[in-house]
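Just so you know, the sequences run in chain order Y and G. Everything in the first sequence is counted per this note's numbering, starting at 1 for the first residue and increasing by one. Everything in the second sequence is counted per this note's numbering, starting at 1001 for the first residue and increasing by one. Backbone N, C-alpha and C fix where the C-beta goes; we use that ideal spot for every residue, glycine too.
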Amino acid sequence: EPEVTQTPSHQVTQMGQEVILRCVPISNHLYFYWYRQILGQKVEFLVSFYNNEISEKSEIFDDQFSVERPDGSNFTLKIRSTKLEDSAMYFCASSGGGGLTDTQYFGPGTRLTVL
Amino acid sequence: ILNVEQSPQSLHVQEGDSTNFTCSFPSSNFYALHWYRWETAKSPEALFVMTLNGDEKKKGRISATLNTKEGYSYLYIKGSQPEDSATYLCAPDLSTGFQKLVFGTGTRLLVSP
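Written out as structure tokens, the structure is:
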């Protein structure tokens, strides 16, 4: 069964460093998302992406964040200058369409630890 | 702030017990409700997507109902098994454009043999 994959599973970085989190969505999907969960808190929406453009983003997704689909398979989340409060589990998701009943399929997450 | 609440926060039942959880959400700007099952260190697994008031969905021993007018959904598990132990997340889609799921805190279920 097709699945969303994410690498690395755990990333440790120093405050102020740039990190790139990678995701391979399900191959025929057209809509891509990033969510995050800070330890002990709810899963929060960050951004949705379609047709090589950001469709919607949350207040969390400020200028320090960017997303890209550099080729036909990868979908990346870049944090330019990490802060301690960026430490969280980051989930990538994809869906075949953006319709009401389309399921978002999630990857297993990347745990980001900022020291 | 869009408030999605799930109750109870955690639940411990014996194998064979039936159980249910609640998800409450703002009834305005509602488009769809997603339920996920999430085991630690694994990907959240999609269970249901529901859109219409009165919708009922079933997958094996798990079923869900939806009331969009009052803003709640129930998830039922009949005859719980240890492998049902997981966190169950509800996520309404309250966006005006592309899917933007707003997650609840989850209900952590533990089923003892």
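For this session: Note down, in chain order, every chain Y residue with its Cβ under 7 Å from the Cβ of residue 1032 (chain G).
Result: 100 and 101
Exercise. What are the boundary residues of the beta strand (DSSP E) that residue 1092 (chain G) is part of?
Worked result: 1086-1093
For this session: Closer than 7 Å by beta-carbon distance: list the chain G residues that pair up with residue 90 (chain Y), in chain order.
Result: Near residue 90 (chain Y) there are no residues of chain G at all, since even the closest Cβ is about 13 Å away, more than 7 Å.
For this session: Note down, in chain order, every chain Y residue with its Cβ under 7 Å from the Cβ of residue 1044 (chain G).
Result: 106
Exercise. For the beta strand (DSSP E) that contains residue 54 (chain Y), what are its first and last residues?
Worked result: 53-57
Problem set entry | For residue 1083 (chain G), three-class secondary structure by DSSP | helix
Exercise. Which whole-angstrom value describes the C-beta separation of residue 116 (chain Y) and residue 23 (chain Y), a residue pair presumed to lie in contact below a C-beta threshold of 8 Å?
Worked result: Given that chain Y is displayed from residue 1 to residue 115, the structure contains no residue 116 (chain Y) and the question cannot be resolved.
For this session: Just the C-alpha distance for residue 1021 (chain G) and residue 1075 (chain G), rounded to the nearest angstrom, thanks.
Result: 5 Å
Exercise. Going along chain G, which residues have a C-beta under 9 Å from residue 53 (chain Y)?
Worked result: Neighbours of residue 53 (chain Y) on chain G: none; closest Cβ ~11 Å, over 9 Å.
For this session: Reducing DSSP to helix, strand and coil, say where residue 196 (chain Y) ends up.
Result: The displayed coordinates of chain Y run from 1 to 115. Any statement about residue 196 (chain Y) would go beyond what the structure contains.
Problem set entry | Residue nearest to residue 1052 (chain G) in terms of C-alpha spacing, selected from G:1064, G:1086, G:1032 and G:1104 | Nearest of G:1064, G:1086, G:1032 and G:1104 to residue 1052 (chain G), Cα basis: G:1032.
Exercise. Are residue 1019 (chain G) and residue 1077 (chain G) touching if we call contact CB-CB under 7 Å?
Worked result: yes
Exercise. Using the beta-carbon of each residue, which ones in chain G are nearer than 9 Å to residue 3 (chain Y)?
Worked result: 1043
Problem set entry | Residues bridged to residue 89 (chain Y) [DSSP beta-bridge criterion] | Y:37 and Y:111
Exercise. Under a Cβ-count criterion, where at least 16 other Cβ atoms within 10 Å of its own Cβ denotes burial, should residue 39 (chain Y) be classed as buried or exposed?
Worked result: Residue 39 (chain Y) comes out exposed.
For this session: Starting from the C-beta of residue 68 (chain Y), find all residues in its chain whose C-beta is less than 6 Å away, skip the five residues before and the five after it, and write them out in chain order.
Result: 76
Problem set entry | Partners in chain Y for residue 1103 (chain G), counting only beta-carbon separations shorter than 7 Å | 42 and 43
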